[in-house]
Amino acid sequence: MLNGLRLIERYFEPVVIVASLAVVIVLLFADVVARFAFQTSVPWAGEVARFAFVYMIYFGISYAIREKRHLRVTILVDAAPQMLRRWLMMTSETVFFGYSVTICWLGIVITSNALDRGQILSATQWPTAWLYAAIIFSGALSVLRLCHSIWVILRHGDLATRHDEGIGT
7 MLNGLRLIER YFEPVVIVAS LAVVIVLLFA DVVARFAFQT SVPWAGEVAR
57 FAFVYMIYFG ISYAIREKRH LRVTILVDAA PQMLRRWLMM TSETVFFGYS
107 VTICWLGIVI TSNALDRGQI LSATQWPTAW LYAAIIFSGA LSVLRLCHSI
157 WVILRHGDLA TRHDEGIGT
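Okay, structure coming up:
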C-alpha cells in the first residue's frame, strides 16, 4: 500500500504532464497535416489540445512546488542569517499556501458556475466544468505540496531540495 502511494506521489504529475504534452503535439500535428495535405481540418483537435495544454500547465504548477522549482526571489532569504532564513521561508510558503487555497476555492466557484449554466465546449460538446476542474485539482495538489514543504521547514529548519523525499521516507 505504501509503495503504491509513493509511486502515485512521485509520478502522478509527471505522467499527466507528459501525456498532455503528447496529446497536444499529436493533435496539432494531425490538424496541420490535415489542413495542408488534405485541405480539411479536424474540428475537435484544437479544442482537445487546448484542454490538454490547460491540464499540463496547471499540473506543472504542483509539480514545480514538489520539486522546489517554482519561481521565487530569494535574495533576501539568501542574505539573512540562518535562524531568520527559516522564518522567512516559512512565511513565504505560508503566503503561497494561502494563495493556493484561494485559487482552489475560486476554481470550485468557477467550476460550479459552469455546471450550473450547462456550458459546453463547442467542438467536443464536453462540459467546460471539466476544463475548469484542472484549477481545483492543481490547487488541491499545490496545497498538499505546500503543507509538506511547511512540515519540512518545521521539522528540519530549512527548505531542503526535494528529490527523494516523499510518503514514508
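Each residue of the sequence shown is one higher than the last, beginning at 7 in this note's numbering.
We treat Cβ as the ideally placed atom computed from N, Cα and C, and that holds for glycine.
- Take the alpha-carbon of G113 and the one of R161: they are about 31 Å apart.
- Counting only the Cα atoms, T130 lies some 6 Å from W50.
- S68 sits away from L13, with the two beta carbons spaced by 7 Å or more.
- Fewer than three Cβ pairs drawn from the region 87-96 and the region 121-130 lie within less than 8 Å of each other, which leaves the two stretches out of contact.
- Fewer than three beta-carbon pairs drawn from the region 46-62 and the region 72-85 are found closer than 8 Å, and the two stretches are therefore not classed as touching.
- Membership of L112 in the alpha helix (DSSP H) is indicated by the continuous run Q88 to R123.
- Between Y64 and S144, the beta carbon gap of about 4 Å places them in contact (Cβ cut-off 8 Å).
- It is roughly 52 Å from the alpha-carbon of V38 to the alpha-carbon of G163.
- Within the same chain, L137 come within 7 Å of F57 by CB-CB distance, once the 5 residues on both sides are set aside.
- In the three-state reduction of the DSSP assignment, P133 falls in the strand class, which pools E and B.
- Between A55 and V21 a beta carbon distance of about 18 Å is seen, past the 8 Å cut, so the two are scored as non-contacting.
- I126 has P133 as its beta-bridge partners, per DSSP.
- Take T117, set aside five residues on each side of it, and the residues of its chain with a beta-carbon closer than 8 Å to its own are A135, Y138, A139, I141 and I142, in chain order.
- The residue from V101, P133, L8 and W132 with its alpha-carbon nearest to that of L152 is V101.
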